[in-house]
Amino acid sequence: MKFFVDTADVTEIKELAATGLLDGVTTNPSLVAKAKRDFREIIAEICAAVPGPVSAEVAATDLDGMLKEGRTLARIAKNVAVKVPLTWDGLKACRALTGEGAMVNVTLCFSANQALLAAKAGATFISPFVGRLDDSGADGMELVREIRTIYDNFPELKTQILAASIRNVLHVKQAAMIGADVATVPPAVLRALVSHPLTDKGLELFLADWRKTGQRIV
Ligand code: E4P
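Shown next, in the form of structure tokens:
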């Protein structure tokens, strides 16, 4: 499973990219608002720091507007994935932009039928929002499972499942077990994936015993 980080904080992205474990980045208008910087500049900097897909979301809601904005975003760098909402105009924009060679991430997916439509529209990525579904009392991961089943039933559908709105480390494990192609994870959750108290305790014990040997490796 690929790891994308869900943030528009360029400093944080560069730090995480240095691990060599980052496969891409997703942003959204709320994350860009939090960064308080010029959107196109942010996207250009992220694209230069991370070679994988970088999702940049359109703000228009009509087809013409989405196409204009999508083309502008796609011109920033080869690795921009234009993010469009899961509406009829969003699906039409998806079809047109992918036809022009752009990567497209169809976002705000809350049902399996929406995901089927996005795949038929040629989406590169579909983003089911797991955490927001959980918040509403539904089972977000069940949606990822349903989409996996549907896409596997029809191998001609090439869309990658990008598990989004991930809130905790359990979500990451579940997405991987279900076979999501990608999980986009907030930086804090990505950092938390490495932690286990027994790892810390075990390392402490090994180091204490190693000191007793009085040896050096180099
Ligand atoms: C995905 O591309 C979205 O940016 C994101 O995962 C939304 O997450 P949230 O529900 O925590 O805002």
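Going by my numbering, the residue at position 89 of the sequence shown is 94; the numbering climbs one at a time, nothing skipped.
Where a beta carbon is used, it is the ideal one built from N, C-alpha and C, also for glycine.
Just so you know, these numbers come straight off a predicted model, no measurement behind them.
{"Item": "Going by DSSP, name the residue or residues bridged to Ser-35.", "Value": "Paired residues: none, contrary to the question."}
{"Item": "Assign Val-174 to one of three DSSP states: helix, strand, or coil.", "Value": "helix"}
{"Item": "Please tell me whether Gln-165 and Phe-130 are closer than 8 Å, where the distance is taken between their beta carbons.", "Value": "yes"}
{"Item": "What does the alpha-carbon distance come out to for the pair Gly-219 and Leu-208?", "Value": "17 Å"}
{"Item": "Candidates Gly-57, Gly-106 and Gly-70: which alpha carbon is nearest Ala-79's?", "Value": "Gly-106"}
{"Item": "Going by DSSP, what residue range makes up the alpha helix (DSSP H) through Ala-101?", "Value": "93–104"}
{"Item": "Roughly how many angstroms separate the alpha carbons of Leu-138 and Val-190, rounded to a whole number?", "Value": "16 Å"}
{"Item": "In the DSSP assignment, find the alpha helix (DSSP H) that holds Ala-188 and state where it starts and stops.", "Value": "Element bounds for Ala-188: not the alpha helix (DSSP H) but the beta strand (DSSP E), 187–190."}
{"Item": "Between the Cα of Ile-51 and the Cα atoms of Asp-144, Ala-13 and Ala-38, which residue gives the shortest distance?", "Value": "Ala-13"}
{"Item": "If you count every other CB in all the chains shown that lies within 10 Å of the CB of Ser-141, and 16 or more means buried, which is it?", "Value": "exposed"}
{"Item": "Measuring alpha carbon to alpha carbon, tell me which of Pro-56, Pro-34, Asp-11 and Asn-33 ends up nearest Gly-25.", "Value": "Pro-56"}
{"Item": "Could you tell me the distance, in whole angstroms, from the CA atom of Asp-67 to the CA atom of Ile-47?", "Value": "24 Å"}
{"Item": "Distance check for Thr-31 and Phe-9, CA to CA, integer angstroms please.", "Value": "7 Å"}
{"Item": "So Met-71 and Gly-95 are in contact, right, with Cβ under 8 Å, and what is the actual spacing, rounded?", "Value": "7 Å"}
{"Item": "By how many angstroms is the C-alpha of Thr-204 removed from the C-alpha of Val-187?", "Value": "26 Å"}
{"Item": "Quick one: give me the first and last residue of the beta strand (DSSP E) that Lys-217 is part of.", "Value": "From DSSP, Lys-217 is part of no beta strand (DSSP E) but of the alpha helix (DSSP H) over 202–218."}
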